[in-house]
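Count the sequence shown with full-length UniProt numbering and you get residues 1 to 132, in order. Below you'll find the structure, written out as structure tokens, and then a few comments.
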Amino acid sequence: MNSRQQVKQIIVKKLKAVEQPVHIFQLLNDKLNKTSSMEEQRDEVKEIEKLQNCPSTSLGIQSLDLDRKLKELKDKERKQREDVTRNQRDAATADRLKKNLLKCCDEIQHLLSRQQRLSELMNNQRKKKDIF
1 MNSRQQVKQI
11 IVKKLKAVEQ
21 PVHIFQLLND
31 KLNKTSSMEE
41 QRDEVKEIEK
51 LQNCPSTSLG
61 IQSLDLDRKL
71 KELKDKERKQ
81 REDVTRNQRD
91 AATADRLKKN
101 LLKCCDEIQH
111 LLSRQQRLSE
121 LMNNQRKKKD
131 IF
């Protein structure tokens, strides 16, 4: 009887190991997000090329516009953090709000990187003017 129980236990362990749930939709979303990241990279390259050909006045205007957008997103992030703390008891709502918060944080990081590139371009143009 011991050997039968051991065999049953081994079979159960193997079945459990094989039956790990696979989230098909998660895999599809990952694939789709990878293609969108490639498109974002292409857009960033086009944006950098466009910014390099812009005069300093338009770069200053774009910098102000990015500052405004960044301020709005930070306000949105603060409100979403408050919503998450307020709705912690409702798990589904809290998860949804956390996802929205992560998206907002990603947008903020994207804008910060754009702002950094823009400031570097502005500094490079100033250096070129100083040289000549």
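Even for Gly, the Cβ is constructed at its ideal location relative to N, Cα and C.
query, result
"Taking DSSP as the reference, what is the three-state secondary structure of residue 54?", "coil"
"Cutting at 6 angstroms between CB atoms, please list the residues of its own chain near residue 88, excluding the five before and the five after it.", "94"
"Would you report the Cα separation of residue 70 and residue 112, rounded to the nearest angstrom?", "8 angstroms"
"Looking only at its own chain, which residues have a Cβ that is under 6 angstroms from the Cβ of residue 60, when we skip the five neighbours before and after it?", "none"
"According to DSSP, is residue 7 part of a helix, a strand, or is it coil?", "helix"
"What three-state label does DSSP hand residue 96 in the structure shown?", "helix"
"Is it the case that the segment 116-123 contacts the segment 93-107, given that we only count it when at least three CB pairs across the two stretches are under 8 angstroms?", "no"
"Can you tell me whether residue 88 is helix, strand or coil according to DSSP?", "coil"
"With a Cβ-Cβ cutoff of 9 angstroms, do residue 56 and residue 109 count as a contact?", "no"
"Could you check which residue in 53, 80 and 115 has the C-alpha nearest to that of residue 64?", "115"
"How should residue 86 be labelled, buried or exposed, when 16 other C-beta atoms within 10 angstroms of its C-beta is the threshold for buried?", "exposed"
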